[in-house]
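One structure below.
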Amino acid sequence: MGHAQTPAAPVLALDGITKTFPGVKALDGVTLELYAGQVTALIGENGAGKSTVVKTLTGIYQPDGGRILMDGEEVRFPTAQDASAAGVTAIHQETVLFDELSVAENIFLGHAPKGRFGLIDRKAMHKDAQAILDGIGAEIDAGVRLKDLGIASRHLVAIARALSVEARVVIMDEPTAALSRKEIEELYELVDALKAQGKAILFISHKFDEIFRIADRYTVFRDGQFIGAGEMADIAEAELVKMMVGRSVDQIFPKRAAEIGEDVLLVAGYSHPTEFEDIHFTLRRGEILGFYGLVGAGRSEFMQSLIGVTRPSKGAIRLNGKVRVIRSPADAIAAGIVYVPEDRGKQGAILDMPIFQNVTLPSLPRLSKNGFTRMAEEFALARQYTERLDLRAASLDTTVGSLSGGNQQKVVIAKWLATQPTVIILDEPTKGIDIGSKAAVHDFMSELASEGLSVIMVSSEIPEILGMSDRVIVMREGRMVAELEGEDLTPETLVRHAAGISSKGEAA
Amino acid sequence: MSLAETQQTAARHIPDRLTTPLARTFKSWESLLLLVAIGIFILNSFASPYFLNAWNLSDATFNFTEKAMIAFAMALLIIAGEIDLSVASIIALSSTAMGVVMQAGFGTPAIVATGLVTGLLCGAFNGVLVTRLGLPSIVVTIGTMSLFRGISYIVLGDGAFRGYPSEFAWFGQGYVVWVITVELTIFAILAVIYAVVLHKTNFGRAVYAIGNNATAATFSGIRVERVKFILFLLTGLMAGLASVCLTSRLGSTRPSIASGMELEVVTMVVLGGVSILGGSGSIPGVVIAAFVMGLVTFGLGLLNVPGIVMSIVVGALLIGVIALPRIYQNLRRS
Numbered sequence: 005m006g007h008a009q010t011p012a013a014p015v016l017a018l019d020g021i022t023k024t025f026p027g028v029k030a031l032d033g034v035t036l037e038l039y040a041g042q043v044t045a046l047i048g049e050n051g052a053g054k055s056t057v058v059k060t061l062t063g064i065y066q067p068d069g070g071r072i073l074m075d076g077e078e079v080r081f082p083t084a085q086d087a088s089a090a091g092v093t094a095i096h097q098e099t100v101l102f103d104e105l106s107v108a109e110n111i112f113l114g115h116a117p118k119g120r121f122g123l124i125d126r127k128a129m130h131k132d133a134q135a136i137l138d139g140i141g142a143e144i145d146a147g148v149r150l151k152d153l154g155i156a157s158r159h160l161v162a163i164a165r166a167l168s169v170e171a172r173v174v175i176m177d178e179p180t181a182a183l184s185r186k187e188i189e190e191l192y193e194l195v196d197a198l199k200a201q202g203k204a205i206l207f208i209s210h211k212f213d214e215i216f217r218i219a220d221r222y223t224v225f226r227d228g229q230f231i232g233a234g235e236m237a238d239i240a241e242a243e244l245v246k247m248m249v250g251r252s253v254d255q256i257f258p259k260r261a262a263e264i265g266e267d268v269l270l271v272a273g274y275s276h277p278t279e280f281e282d283i284h285f286t287l288r289r290g291e292i293l294g295f296y297g298l299v300g301a302g303r304s305e306f307m308q309s310l311i312g313v314t315r316p317s318k319g320a321i322r323l324n325g326k327v328r329v330i331r332s333p334a335d336a337i338a339a340g341i342v343y344v345p346e347d348r349g350k351q352g353a354i355l356d357m358p359i360f361q362n363v364t365l366p367s368l369p370r371l372s373k374n375g376f377t378r379m380a381e382e383f384a385l386a387r388q389y390t391e392r393l394d395l396r397a398a399s400l401d402t403t404v405g406s407l408s409g410g411n412q413q414k415v416v417i418a419k420w421l422a423t424q425p426t427v428i429i430l431d432e433p434t435k436g437i438d439i440g441s442k443a444a445v446h447d448f449m450s451e452l453a454s455e456g457l458s459v460i461m462v463s464s465e466i467p468e469i470l471g472m473s474d475r476v477i478v479m480r481e482g483r484m485v486a487e488l489e490g491e492d493l494t495p496e497t498l499v500r501h502a503a504g505i506s507s508k509g510e511a512a
Numbered sequence: 009m010s011l012a013e014t015q016q017t018a019a020r021h022i023p024d025r026l027t028t029p030l031a032r033t034f035k036s037w038e039s040l041l042l043l044v045a046i047g048i049f050i051l052n053s054f055a056s057p058y059f060l061n062a063w064n065l066s067d068a069t070f071n072f073t074e075k076a077m078i079a080f081a082m083a084l085l086i087i088a089g090e091i092d093l094s095v096a097s098i099i100a101l102s103s104t105a106m107g108v109v110m111q112a113g114f115g116t117p118a119i120v121a122t123g124l125v126t127g128l129l130c131g132a133f134n135g136v137l138v139t140r141l142g143l144p145s146i147v148v149t150i151g152t153m154s155l156f157r158g159i160s161y162i163v164l165g166d167g168a169f170r171g172y173p174s175e176f177a178w179f180g181q182g183y184v185v186w187v188i189t190v191e192l193t194i195f196a197i198l199a200v201i202y203a204v205v206l207h208k209t210n211f212g213r214a215v216y217a218i219g220n221n222a223t224a225a226t227f228s229g230i231r232v233e234r235v236k237f238i239l240f241l242l243t244g245l246m247a248g249l250a251s252v253c254l255t256s257r258l259g260s261t262r263p264s265i266a267s268g269m270e271l272e273v274v275t276m277v278v279l280g281g282v283s284i285l286g287g288s289g290s291i292p293g294v295v296i297a298a299f300v301m302g303l304v305t306f307g308l309g310l311l312n313v314p315g316i317v318m319s320i321v322v323g324a325l326l327i328g329v330i331a332l333p334r335i336y337q338n339l340r341r342s
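These protein sequence lines map, in sequence, to chains A and B.
Under my numbering, think of the first position of the first sequence as 5, with each following residue one higher.
Under my numbering, think of the first position of the second sequence as 9, with each following residue one higher.
Encoded structure:
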């Protein structure tokens with residue numbers, strides 16, 4: 005890693021940028037500086053504000069306050085075209101490409117060189133595309149159709165597309181997420197080549213080994229705030245981790261010591277051909293068991309197989325001492341295992357149906373009489389659980405879609421509690437909801453545990469995991485890599501296990 | 009927020025409803041459709057002196073009773089996000105099967121049973137292809153639309169089955185009391201049954217849930233594929249029943265029987281306020297839509313309007329009625 009000298013002035017700088025969404029301050033006066041010929045890593049947990057920064061830089065979001073400076077001059081990016089015209093380009097995790105078009109057409113779609121009569125100058129386009137591809141060392145013919153290329157080549161086309169505008173600033177948002185080891189190495193070479201061309205690069209990644217391999221500088225965000233910045237050469241990994249997660253964990257979490265009772269759920273050897281392998285644990289009465297890991301570690305996939313949405317290839321469960329076979333969510337509900345999914349709009353709530361019908365849907369078999377619905381009982385059950393969760397709604401027959409995210413989540417949780425489960429699995433229960441609803445959900449979880457319910461909580465937010473869990477299982481790439489409890493349960497240990505860093509601080 | 013605070017604010021009461029069910033009914037699509045039906049009724053009575061005659065009106069009900077029997081099941085299927093375009097071909101195949109049984113010398117009970125069972129089997133065939141193989145229902149049923157009627161053509165060629173027993177005529181030509189036909193009675197009974205099933209049972213709730221969000225329905229413990237399969241069975245059975253009535257009324261089977269009826273059934277369902285995208289609609293809406301379509305065709309018939317013009321009018325009615333709310337929305341926005 006070259007220890008580059010910091011040039012005098014940044015190419016692009018964010019100065020006190022603030023961006024507020026209803027109920028959430030996504031960015032709170034953040035600073036970020038990108039220098040020519042250097043890679044700056046943007047580090048932060050989920051929800052730290054990284055993607056908001058990317059969207060602000062590429063003209064998708066407009067900041068509420070603060071300035072964007074290019075070469076010291078204030079600029080504005082009212083649209084994505086303006087950002088791209090100014091030379092800011094982004095390589096996303098999933099760039100939209102078109103199978104039926106040629107590589108050259110994909111690269112220049114929307115800004116192809118024009119010839120006479122404003123028609124596309126195909127020759128020039130082809131030549132320019134080939135030049136860009138050669139420039140990044142991609143052995144791809146600009147004339148072939150995209151659908152004839154493999155995944156790795158497609159990725160290079162996406163990169164070429166990003167570079168086809170006269171880019172001065174290149175943003176790479178988790179560019180290695182879908183790549184193999186070898187492709188990642190090639191990507192590193194490409195980044196080095198871009199550096200040599202004097203481009204300023206913003207590199208976003210969760211993986212510390214990558215950051216240390218490729219970045220010259222770092223900037224850390226936490227909860228939408230700027231925490232620190234500097235040169236990679238001057239900082240140790242442990243310090244970065246601390247900056248990323250460090251905060252007083254006890255601030256908002258109302259976890260009360262619940263009486264932890266007998267074993268309730270025993271999971272043995274749960275495996276899936278592609279998503280997870282050999283998951284095994286015991287869950288006790290009154291316990292909150294946290295599942296931590298990076299996005300894509302296989303936690304949600306495991307939970308969904310536990311409730312019968314997908315079938316495991318191997319494994320068995322025992323609930324209250326009895327072996328249970330769960331083939332469908334209906335079986336899981338009957339057994340008393342329920343799942344509050346992460347994707348509220350798709351899997352959790354039926355947005356166009358009224359609140360009370362959402363709440364009662366899984367409880368209908370119990371609530372109805374000979375298969376006939378009973379309106380009064382439905383309203384009563386819905387009221388009992390939604391009011392307990394302090395739902396804010398005009399009436400119980402308004403649609404769930406008309407509520408705020410936090411209140412939608414309360415409806416989904418109410419729906420599952422109304423089934424009177426033994427085990428409740430909450431997948432990212434507070435993702436994307438406002439602070440007030442978050443606190444209510446946490447409070448409620450704690451109350452449930454103290455009433456003797458067993459809770460599994462999947463979360464990617466370290467404070468939440470630390471604040472709420474009695475015990476934490478860490479997953480990485482589909483496997484359980486650690487089970488932490490008591491003093492072992494620290495932000496540093498969580499991040500190390502989840503990211504695959506050995507205790508000596510070297511990348512695994 | 010501390011727990012104590014949560015419990016205090018939890019005293020906040022959420023009302024069941026803001027508008028009474030009655031007020032909601034007045035503002036509904038069904039009420040608007042009812043006004044249209046009444047309007048057409050009044051127009052018809054001015055347009056032709058023969059309209060306001062009990063026997064003529066009784067005859068008019070044949071314009072919709074058979075289609076509406078299928079439309080009830082189709083409404084549930086479309087609300088659940090699927091469709092069956094093979095229903096008219098199921099009528100043809102059922103009718104052909106009944107003809108074969110009749111020629112073999114069996115009596116009315118066996119003929120009727122054959123018609124119903126054939127419909128059921130056709131529905132099961134569609135259902136298996138859609139729910140087991142995961143094929144899109146629109147493609148499957150366009151395929152079976154050709155397949156089922158094709159079999160009828162092979163069996164009958166240019167010919168026809170005639171000579172159904174006289175008791176068999178009761179279904180399509182009989183009267184229960186005075187001008188009330190057997191078909192109208194079946195229609196009325198089915199309307200009540202389907203309304204109860206869709207609006208008052210767990211099964212009906214599952215149909216809505218699936219049509220609105222099949223994934224969330226699955227996560228909520230609803231056996232989505234099973235519900236859909238039952239709906240295909242029901243639709244097949246209703247087509248079989250319609251086939252019994254239609255064959256009985258015509259007194260013969262030709263392979264071209266009920267040609268194009270699937271589109272009239274779908275029209276009736278959509279006119280009744282069922283969203284073609286699934287998730288919403290009601291049986292009362294379909295009932296009123298059945299009357300609207302019956303009145304329009306009958307009125308035009310009294311005025312000696314040729315059949316081709318009738319289909320133009322029905323088509324325009326459908327597009328107009330569907331477009332009106334959208335146009336109204338756009339006007340209000342601008």
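Cβ coordinates follow ideal geometry from the N, Cα and C atoms, glycine included.
Burial state of residue i, where buried means 16 or more other Cβ atoms lie within 10 Å
i: Q111(B); result: exposed
i: G244(B); result: buried
i: M379(A); result: exposed
i: V185(B); result: exposed
Proximity test, Cβ basis, 8 Å: residue i and chain B
i: Q361(A); result: yes
i: Q134(A); result: no
i: M247(A); result: no
i: E77(A); result: no
i: F383(A); result: yes
i: S399(A); result: yes
i: S406(A); result: no
i: T377(A); result: yes
i: Q424(A); result: no
i: T390(A); result: yes
CB contact below 8 Å: residue i versus chain A
i: I86(B); result: no
i: K35(B); result: no
i: R334(B); result: no
i: T139(B); result: no
i: L30(B); result: no
i: Y172(B); result: no
i: G429(B); result: In this structure chain B extends from 9 to 342, so residue 429(B) is not present and cannot be described.
i: L26(B); result: yes
i: P23(B); result: yes
Residues near residue i by beta carbon distance below 7 Å, same chain, minus five either side
i: R172(A); result: V15, G91, K203, A204
i: R396(A); result: N411
Cβ separation of residue i and residue j, assumed to be a contact under 8 Å, to the nearest whole Å
i: G307(B); j: F59(B); result: 7 Å
i: V342(A); j: I429(A); result: 7 Å
i: I321(A); j: L287(A); result: With 8 Å as the limit, I321(A) and L287(A) do not qualify as a contact, their Cβ atoms being about 10 Å apart.
i: V313(A); j: T226(B); result: 7 Å
i: G53(A); j: A30(A); result: 5 Å
i: R165(A); j: N110(A); result: 6 Å
Proximity test, residue i beta-carbon vs the ligand FAD heavy atom, cut-off 7 Å
i: D103(A); result: What this structure holds is no ligand at all, so the ligand FAD is not there to describe.
Own chain, CB closer than 6 Å to residue i, minus 5 neighbours either side, in chain order
i: G290(A); result: A262, E263, I264, G265, A453, G456
Contacting residues, own chain, Cβ-Cβ under 8 Å from residue i (five flanking each side not counted)
i: I335(B); result: none
i: S168(A); result: I111, F112, H115, D132, A133, I136
- Message: Any contact between the stretch 481 to 496 of chain A and the stretch 287 to 302 of chain A? By contact I mean 3 or more CB pairs, one from each, below 8 Å.
- Response: yes
- Query: For the stretch 78 to 85 of chain B against the stretch 263 to 282 of chain B, are there 3 or more C-beta pairs whose distance is under 8 Å?
  - Reply: Cβ pair count under 8 Å is three or more, so yes.
- Does the count of Cβ pairs from the stretch 135 to 147 of chain B and the stretch 309 to 327 of chain B closer than 8 Å reach three? no
- Message: Across the stretch 388 to 404 of chain A and the stretch 25 to 43 of chain B, are there enough close Cβ pairs to call them in contact, namely three or more that are closer than 8 Å?
- Response: yes
- Item | Contact between the stretch 196 to 208 of chain B and the stretch 287 to 303 of chain B (3+ Cβ pairs under 8 Å) | yes
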